[in-house]
Every structure is written in C-alpha cells, then in structure tokens.
Amino acid sequence: MPETLRCHVFCVTAGVLYPGALDVPLPENARAGSLANEIAKLQNTTPAQIVIWKPKERIVSGEYEKLRGLLARKPLAEFCYRVTHAADPTRTIKSLVSPGTNSRTSTFTALIAEIFSVPTPIAAKIEAGDDEELEEIDYLSKMKTDFETVLTAKRDTPSQSCQPLKYAEYQTRITPVYDGRYAQTPNTTAAPIEIFHPVFAYFLGCLRDYTLEINSSLLRKTYEVMRSTSKIATLESQREKTTRDFLADILQCDVHQIVIDHKAIPDHSVPHNLAGKKVTGNAGLAIVEEKSELGVSGDGLTQGTFSYIILDFSRPESKPFGIPPFVHRLAGPWMAISGAIFTSGVIVQRLTDYIWLGYSRVLDHRRVLEIARAFLALQLSIKRLRAWYDDLSGIPSDHRYFPLATSFTAEGKTVNFRYQKPLKNTGPTCIVFLATEVGGDRKFVVKFVERYGEDVHRELAAMNRAPKLLYCGSFWSSVVEQLGVGDMKMVVMEYLKGKTLAKWKKMPPSVRQSVKLVISALHKKDWVHGDIRPPNVMILNSEDELEVPEADRVRILDFDWAGEEGVVHYPSDLAMDTRPASAGDYMPILKEHDLAMTDYL
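What the sequence shown shows, in the working numbering, is residues 297 to 897, in sequence order.
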C-alpha cells in the first residue's frame, strides 16, 4: 500500500503568484498528471490549462516571498524545469519533489503550477438578415474597432506564442489569428487570401503552371538544398548561415536577420525599403522561421505568424494597406509556405502542404522539379510583391479591409468601384460587400464565389425576379493569377433596397404564391435554386412602386448553388432549420427540396 505524500504547490497565473501554497495529498507513486487533475479541481479549471514546474533550486512551502521575488525578475523557464509527464510516464510525484540523492536535506521541494486563463467566450459575430438591418449597423466602424483591438492587444514574443498552450490561449481571443486553428470554438476561418491580394493568386498560379520554364541553374541549386537538408541537425545554428545563403541565391534577393520592435527576431527575412518611393517606410516581403527538425521548439509557421504580427504593427506606414508577406517555414528536410495579410484581423493561410526536401531515392528527377517549381514560384512572387510596393500611391486608410479587385467589364466598358462596407458580417470570413461606382452613383453588391448559377440568375433577372447580374467572371487580370484562383469568380449585381422575408412577421399568401411561380419556371428548365429560405427572398421597398402589389415586388437572391437538378449539390455546414432531411451536406439538389423550402417560408 503506497504511502500518502503531501505535495506543496504554488500557483501562478500570468506571472502573478497566488497567496500561500496548496496542500495536495496524493499516493507517492502517483504521476504528474494526477497532480494536475487535483490542482484543477481545487482551482476550478481544467488540467489542460495547467503546466507543472519544478524549481532548479529547492523552494519549500514557507518561502513565498523568495518565489515572488524570483518571479518578479525571471520567467519560470529560467529557474525551473518544466515537468512533461507524457515524455516520462514512469516518473512519480515522489521523485519530482525529492531533493535528490546528493542533497543534505530531506525536505521535499514545492512545485509550481502555472495556470493559464480560462478561454474568453467568443463574441458572436454580427449577422444581418436584410438590407434594413444592414443600414442600421455601422459595419466599417466595427471593422476598425476589431483592427484597433488586435493592434493594441498584449502579446508575448513569437517564440513564446507558438508554444501550444500560449497559442491556444491567443486563439480564444475575440480577434484570434484567422489561420484555421482554434482552441475552443471553430471561429478561425477566413475568406481565401487570394481575393485580398493578387500576389498570392500569382504564387499559386506559378505552382500550377507546368509550362513555366525551370532553368538548369535552379535545378542544380535545388539538388544542393535537398542534399544539405537531408543531414540531421540537432541545433538551428548548424544550418543558419547555410540556409540564409541558399535562400538569397535561390530567391535572388537579400536575406537578413532583423530585429522587430525589440521583440521578434525571425531567423531570416526579405526586407524592402520604400524610401524615396510614393509610400515611404519598410516592408517585409518574406519571413522565414527555421527549426533544426520538425517538432522541435514550437511550430515555425505559427512563430512566423506572430513575427509578422509584430512586423505589421510596428510599422505605422503599413496601416492603410497591411503588409502582405509570405511566411516560410523550414524544419529539417521539410518546407511549407503561407501567405499573410492584416485586414480587420490577421489572416494566415497555407499556400502549400509540407514539401519533403530530403534526397531519399535515386531516379527522382520529378521531385527535384517540383521543389524547384516551388522555389521559382516564391522567387517570382517576391519580385512581383516588391514591384507592387514600389508602385503604391496614397491609399485610403479603409482600403486594408477589402479585396484589391476593384473593377469589372460590362458591355465592353471597364467599371471601377470602391468598397463601402461588408455585408453579412464584419469578420475576415466576409465575401460579400457593398460598393459604389467611381465617378457615378450606382451601388453594387460584390461577392466572391467558388461556383455560381449564372444562367439561373440571368433567367430570373430577365423575368424581373432577381437583381440585374452585371458581371460574373475572373477578378485578376493575368492568366497566371486566374490559374491561381482556380474556380473562384467575382459576381457583381445591382444593389436593391428592400426587406427579406426574415424580417416579415407574417408573410402575405400572395408572396408565397409568387415564389412558387418563380420556382416553377426554373423547374420547367430542369433548374433548381437550392436555398429558398427567408433571407434569400426579398420584397422591394414600395416608395418607388406604390401601386405595385407585394407579390410583384418579390425578388430571389443568392444563386451560389443554383443549376441543373441532380448535377449541382449542396456544400458543407448547411443550416438545416428549413430543409428536408434529404437535403444534406454534399447531396444533390432536387426540385422537391425547392418546393419543400417554399412551403416552409
């Protein structure tokens, strides 16, 4: 029968020491995980929020002031060992608190429990059901508030922030990094980064352009990199200079190590001085974080993300447009490339999967070509980004919140527009915007889509049952950029003032009948809409059409999923509140679904 051991544990949160020490009784053969569980119960938290530390020099339960003094001068990592139970499952609590065989005392040392704050509940995003509510909400002010919240938030150093616990804590903020990684609630998705800046579309296009010529010099350099990274490294410093030299050679640009705001020192950076140009200041074209091997000392992409955040925030000149750099991660024989941009929040998206750089087999010329193509895509994209910065002129301060695609062609004429505010929500997930014509008084709804029922929309617009569709096509000019965005398109339609059925307390029977007639006309052509819900059925305002009945003012919205029955299908994450059971994720869209949803209106 194991004896009971009384563990004395000091608790710390954000460097602040709790009064006194906990007295936690445990069997002497218990593990560190058991101790974390008991502390969690006493402190009303979860074991996942606790890291246990053992002082390098013995501290007993009565030495509260000694510990407080140490914490005032040093972080825990400088005078404690982090207890990692998973790495040493056989170690008992008794062995942790024991003073050691060479100690002259038999007094057990106290342990320290670092307790990370319980995640802050995620603030609900503002959603609007129709134009009337949109008019009431100052979305642009909300975006500016989010921007300032991120700008002024307290941050750790990038090397600290990329550690799992700190990273998870950061991702529970109201304004997390929108990189797809979440701590509690899946709230970190964003619109595709390619719609905000064409350089990311260009990079992806270069990766997909197999006609792009890769010269023999780049192939030789790529082969040398593969041979070099195949060697096992135990320290980052073993590769640091070699990496900087080969990056400068392959990317054909200067690569340095720079200090950002006294907090961040990325392993390698590609800076660009804008002095003497139309916009002055400095920009980071690429940030490269390197680890000796994969899984060592935090995630390089995450560390690069936090280096980017400090870089952008430390440059007042970046405030109008955000700094859109590439974030490059190297870890042993692995490489990955991301893109980053700061709108109302920080968006970081992976542009490549992890690419294996190791040279592990003969007869592998295809692999050399693929890696060389990735290097060439990054080289050309950095040059393009540099040219974009050099050509910058004065940009409105609100510009950073919106995509750079600001024109379309209609009836042979180019129409330029300026974004006014997002529609639907203010977060980086927004892909629908209100815009006004430059030099005109027309208003547009601009949305970015991966698929769109253009024929269905035009048919209903011709019947005066949908907004006029002005444009549906590519949003970047070059062939390579278009290749990079794949199936994504920009849709521009007229802006209508009205109220959707989501805001009607009681819908007139004549309106439902009008919707049924519209759907019937589509079904006769074997078309389906797929999303006949109250937010997508509008009744136009009556100021200009006082004598027109409500049924004749019905307009159908949102044709993202519309098309031929049985060919088009639903996307994922459907709202199932008014859908039949057979209308599930990725299921074919059927006429019977349209009819059922019409009955639910």
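Glycine is no exception: its CB is placed at the ideal position from the N, C-alpha and C atoms. Given the structure is predicted, the values throughout are model-derived calculations rather than measurements.
Could you pull the start and end residues of the beta strand (DSSP E) that residue i belongs to?
i    : result
D319 : 318 to 323
N905 : In the structure displayed, the chain extends from 297 to 897; residue 905 sits before or after that span and is not available.
Q778 : Run containing Q778: none in the beta strand (DSSP E); it sits in the alpha helix (DSSP H), 775 to 781.
V912 : Residue 912 lies beyond the residue range present for the chain, which begins at 297 and ends at 897; the question has no answer from this structure.
H552 : It is not in any beta strand (DSSP E) - H552 carries neither H nor E in the DSSP assignment.
T309 : 300 to 309
W855 : Looking at the sequence shown, residue 855 is not Trp but Phe. Premise fails: F855 is in no beta strand (DSSP E) and is neither H nor E.
R657 : First-last for R657: undefined, no H or E at that position.
A706 : 703 to 706
Report the three-state DSSP secondary structure of residue i (helix, strand or coil).
i    : result
S614 : For S614, the pLDDT reaches just 49, beneath the cut-off of 50, and the residue's location in the model is therefore unreliable, although a value from the coordinates is still provided. S614: helix per DSSP, three-state reduction.
T471 : coil
P494 : helix
T441 : helix
V787 : strand
L765 : strand
P266 : Because residue 266 is not part of the residues shown, which for the chain are 297 to 897, the question remains open.
Y866 : coil
E527 : The sequence given here places Lys at residue 527; Glu does not occur at that position. In this structure, K527 counts as coil in the three-state DSSP scheme.
S899 : No information on residue 899 is available, as it lies outside the stretch 297 to 897 that the chain covers here.
C726 : coil
K795 : strand
N578 : strand
E509 : coil
Y314 : coil
K517 : helix
A877 : coil
A420 : Its pLDDT being 35, under 50, A420 is placed unreliably by the model, and the measurement read from it follows with that caveat. Reduced to three states, the DSSP call for A420 is coil.
F404 : coil
D890 : helix
V446 : helix
R504 : helix
E532 : helix
E431 : Summary for E431: the model assigns pLDDT 49, below 50, so the residue's position carries little reliability, and this model does not support an answer.
F622 : strand
The alpha helix (DSSP H) with residue i in it runs from where to where?
i    : result
Q809 : 805 to 819
W684 : 661 to 686
F698 : Unbroken run through F698: none, as it is neither H nor E.
I408 : First-last for I408: 407 to 411, but that is the beta strand (DSSP E), not the alpha helix (DSSP H).
Q456 : 454 to 457
L367 : 360 to 369
K537 : 536 to 547
V393 : 389 to 393
Y466 : 460 to 466
V347 : Note, V347: premise wrong, no alpha helix (DSSP H); beta strand (DSSP E) at 346 to 351.
R754 : 750 to 758
E374 : 372 to 375
For residue i versus residue j, is the C-beta distance shorter than 9 Å?
i    : j    : result
T874 : L897 : yes
F375 : E359 : no
L331 : I389 : yes
R669 : L836 : no
A529 : G635 : no
V728 : R714 : no
E589 : G600 : no
G862 : G749 : no
T485 : V473 : no
L653 : V521 : yes
M834 : K795 : yes
A409 : V308 : yes
T705 : Y767 : yes
I411 : Q459 : no
L581 : P567 : yes
I633 : F542 : no
K717 : L730 : yes
P884 : V864 : yes
Opposite residue i in the DSSP bridges: which residues?
i    : result
Q645 : G635
H564 : V584
P718 : F729
A627 : K587, W630
K709 : A706
N569 : N578
E846 : Its beta-bridge partners do not exist; DSSP assigns none.
Could you tell me whether any non-hydrogen atom of the ligand GDP is closer than 8 Å to the CB of residue i?
i    : result
S677 : For the ligand GDP, the structure offers nothing, since it holds no ligand at all.
Decide yes or no for the touch test of the region 884 to 893 against the region 785 to 796: beta carbon pairs closer than 8 Å, at least 3 of them. no
For the pair the region 748 to 757 and the region 662 to 680, tell me if three or more CB-CB distances fall below 8 Å. no
Stretch-stretch touch, CB-based, cutoff 8 Å, three pairs: the region 811 to 831 with the region 513 to 531: no
Sufficient close CB pairs (3 or more, under 8 Å) joining the region 761 to 775 to the region 716 to 727: no
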